[in-house]
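What follows is a single structure, written as structure tokens, with notes after it.
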Amino acid sequence: NVQPWTEMPLWLPETFPLEGEKKPWRGGFSISIKSAVNEGLTFRRIEETVTDVYEWMESTEEWELKAGISGEREKELLERWYQ
17 NVQPWTEMPL WLPETFPLEG EKKPWRGGFS ISIKSAVNEG LTFRRIEETV
67 TDVYEWMEST EEWELKAGIS GEREKELLER WYQ
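According to this note's numbering, the sequence shown holds residues 17 to 99 in order.
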């Protein structure tokens with residue numbers, strides 16, 4: 017099992033509660049951006065964002081991820097997924 021929020025940041029399941037909670041966090045990320053778009057919010061292509069983040073990460077000194085699953089855990093889960 018993958019733990020939501022702690023092992024997989026930004027994943028809030030709506031069908032079961034997080035550990036220690038009584039109810040699921042239904043609608044945890046359900047917000048309207050309509051007013052922001054009406055005020056001129058723009059978006060760029062995901063490819064640009066991914067490229068910029070990758071280049072930024074490559075340009076910084078060595079760092080360690082503080083959230084999410086480890087590379088080993090990711091590999092294990094992907095192997096199980098593809099079986």
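Glycine included, every Cβ here is placed at the ideal spot set by N, Cα and C.
Can you list, in chain order, the residues of its chain whose CB lies under 8 Å from that of residue i, leaving out five sequence neighbours each side?
i	result
P20	W27, L28, P29 and L34
Comparing C-alpha positions only, which one of the options sits nearest to residue i?
i	options	result
S48	L57, W41 and P40	L57
F45	I62, E80, P25 and F59	P25
Where residue i and residue j are concerned, what is the direct C-alpha to C-alpha distance, given to the nearest angstrom?
i	j	result
A52	E95	41 Å
D68	F32	35 Å
E37	N17	17 Å
Y70	L93	23 Å
G87	Q99	19 Å
T65	W97	27 Å
N54	I62	21 Å
Once the 5 residues before and after residue i are set aside, which same chain residues still bring their CB inside 6 Å of it?
i	result
E23	I85
K39	P33
Suppose the cutoff is 7 Å on Cβ atoms and the five residues either side in sequence are ignored; what does the same chain contact list for residue i look like?
i	result
R42	E30
A83	P25
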